[in-house]
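Numbering (the numbering used here), first residue to last: 3 to 141.
All C-beta atoms, glycine included, are put in the ideal place defined by N, C-alpha and C.
A short worksheet on the structure shown next.
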Amino acid sequence: MQISNAAPITPEEWSWEQALIHDVRHEERREAFARELFQWELAVGKFRQLEERWLLHGTPTEEGLHNHAACLHGLLAIGHRLVLAAVGFSADELSRIGVTSERVTATVEDLQISLREWHSSFSPEELVTAREAIFSART
């Protein structure tokens with residue numbers, strides 16, 4: 003094996019290579035973020051369709067309430083992770099994949115509202131009392 007007499011590698015060349023590797027990793031993270039975000043948004047949309055059907059055409063059962071809560075908790079766990087991950091990208095980078103951090107946060111907040119509305123720690127009697135107090139009428 004023969005060693006060439008090429009010029010030694012400069013610190014700038016090493017620095018350039020490290021920056022390139024960083025860019026590749028960042029691009030991979032953004033692509034993974036985009037993939038998870040779009041899959042999550044699909045899951046949220048399907049959940050909302052099921053929820054609407056369940057509420058409009060069915061009577062909530064104990065099993066249904068448990069399934070509803072399990073889905074909400076799963077979607078919220080992913081959503082919170084996405085909110086945290088979005089911080090690692092600039093607004094420009096997020097806009098290139100068609101999203102804003104505010105949209106992700108708003109979707110998580112909407113899911114949290116559903117969780118509070120359907121799965122609060124208040125008993126049915128306490129909810130009736132609260133509704134009467136708030137709205138001054140029976141519901």
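| task | Below 8 Å on the Cβ atoms is my guess for Ala36 versus Ile99; work out the distance and round it to an integer in Å. | result | Rounded, the Cβ-Cβ distance is 4 Å, consistent with contact.
| query | Nearest to Leu96 by CA position, among Thr12, Arg32, Ile23, is which residue? | reply | Residue Arg32 is the option with its Cα nearest to Leu96.
| Can you round the beta-carbon distance between Leu78 and Leu44 to whole angstroms, since I take them to be within the 8 Å contact cut? | That pair is no contact at about 16 Å.
| What's the gap between the Cα of Arg27 and the Cα of Gly90? | Distance between the alpha carbons of Arg27 and Gly90: 12 Å.
| field | Which of helix, strand or coil DSSP assigns to Asn69 | value | Helix.
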